[in-house]
Structures are given as C-alpha cells and as structure tokens.
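Note that our numbering numbers the sequence shown so that position 48 is 256, with each residue one more than the last. Glycine included, C-beta positions come from ideal geometry on N, C-alpha and C. Keep in mind the model is a prediction, meaning the values are calculated, not measured.
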Amino acid sequence: MPKPIRIRVWGDYALFSRPELKAERYSYDIITPSAARGIYDAIYYHPGMRWQIKRIFVEKPIRFTNVRRNEVTKKILASDLFYAANGSGKPIYIDRSEAIAQRAATILRDVSYVIEANFVLIPEKMGADDSADKFFAIFSNRLKTGKCFTQPYLGCREFPAYFEPFPDDREPKTIAEDRDFGIMLYDMDYSEEGNIKPTYFHAVMKNGVVDLRDCEVLR
C-alpha cells in the first residue's frame with residue numbers, strides 16, 4: 209500500500225456545522241474528518257477507493273467570528289422533479305423573495321491545516337487495470353498540478369479551500385496547544401444502501417495534532 213499523502217489546506221473562513229445546533233450554524237473548532245475527506249475526493253475520486261484521514265495538524269490559532277448569511281427556508285422535493293419530468297407543467301424553482309431568511313453563523317477565520325490520509329481499496333468497484341499504485345500516482349500528479357474535479361471547500365461551498373502538497377521530509381508547524389473537543393462528527397456511513405448514518409469520535413488535540421489512527425468510531 210502506498211505511503212500516506214499529506215496536503216496543506218487553508219482559507220479565509222470555514223464552517224464545519226455542529227449538527228446539534230440547527231437553527232443558527234455554529235462551527236466545530238477544527239475541520240472534521242469528513243470535510244477533510246471531501247477535499248481529497250475533490251482532487252481525485254474513484255469508486256474503487258476510499259480515503260481515510262489519519263492525522264490533522266492545526267497550523268493556526270483557532271479563532272471565531274460572527275456573520276449573517278442569507279439562506280432559503282425551502283427546498284425542491286424529489287417528487288416535484290418527478291412530476292415535472294412527467295409533464296406536470298409546474299415550474300421548478302424557489303422564489304427567494306418568499307423563502308429567504310437571514311441567519312447568524314459563528315464561523316472560523318484564517319484557518320490552515322496539514323492533513324494526512326491514505327486510502328483503502330474497494331476491489332468490487334475497481335477496473336481490471338486499477339491498482340493502489342495507479343491511484344496513488346494519479347492523485348499525486350493532480351495534487352502537484354493543482355487539479356480538482358470540483359472546487360474544494362471548508363465546510364460550506366462559499367468558503368473555498370486552497371491546497372498544495374506538503375513535503376514528506378518536513379514536519380508541520382502546529383500550534384502548541386492541547387484541547388479536548390468532545391464528541392465530533394467523524395464521517396457518514398454509506399454501507400447500508402438508502403440508510404446513511406453519521407458516525408462520531410472523541411476528538412482530542414495534543415500539541416496541535418488530532419490523531420485518528422486508532423480512534424474509536426462511535427455509531
């Protein structure tokens with residue numbers, strides 16, 4: 209199996225929403241493993257592999273700021289799309305003048321992380337010529353050249369994530385801080401079709417590093 213791949217990601221703002229606070233968004237203190245995995249997937253995704261986040265290095269002090277964001281209070285239902293496709297004539301859109309709401313959000317500002325991850329193979333979804341070395345080479349090339357399938361983001365799409373390779377022969381300069389963040393979102397469990405479930409873990413930062421290599425995943 210190829211060695212872990214480290215990338216640096218940073219941005220002006222980030223919002224990793226806590227699920228227990230639904231009315232007004234409040235960010236976790238650091239990037240969640242699921243958001244970190246999403247950045248790797250944005251650079252290179254293949255159904256025959258799945259990224260696993262191993263460590264998160266926090267490079268900048270954890271700072272919050274408050275903003276107000278415009279959000280819509282409605283969503284287009286799948287049933288509306290079905291009926292429209294079958295000739296109902298009902299327009300598919302949301303009138304922002306009737307469905308807009310301004311909500312407060314507590315977000316992170318000026319964030320920077322080094323993320324370490326590797327991937328596991330899903331053999332039943334791999335092609336005949338696919339291999340771990342092939343996936344590693346493709347991802348490494350895309351990372352070095354700044355290519356991505358979609359723009360990576362820091363929790364919400366309006367907060368873009370910038371990324372670059374992080375050299376193997378260097379250690380990240382993390383903040384000298386220990387913190388217990390409590391229970392955080394780990395990732396989503398897609399193993400049961402049609403029944404996606406969230407998973408969690410106990411997040412502890414030691415000297416600026418959150419180590420997930422042996423963490424217990426709570427379901």
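When DSSP states are grouped into helix, strand and coil, Lys333 belongs to the helix group. Annotation: the continuous beta strand (DSSP E) that includes Leu393 extends over Arg387 to Asp397.
With fewer than 16 other Cβ atoms inside 10 Å of its own Cβ, Tyr301 counts as exposed. Bounds of the alpha helix (DSSP H) holding Ala293 are Ala286 to Ala293. In this structure, Lys405 sits near Asp397, with a CB-CB distance shorter than 7 Å. Counting only residues of its own chain and dropping the five nearest sequence neighbours on each side, Gly219 has a CB closer than 7 Å to the CB of Val319, Leu362, Phe367, Pro368, Ala369 and Tyr370. Note on Leu393: 16 or more other CB atoms within 10 angstroms of its CB, so buried under the neighbour-count rule. When only Cα atoms are considered, Glu401 and Gly256 end up about 17 Å apart. Annotation: the continuous alpha helix (DSSP H) that includes Arg350 extends over Ala340 to Thr353.
Just measuring C-alpha positions, the residue of Pro269, Arg245 and Thr314 sitting nearest Gln260 is Arg245.
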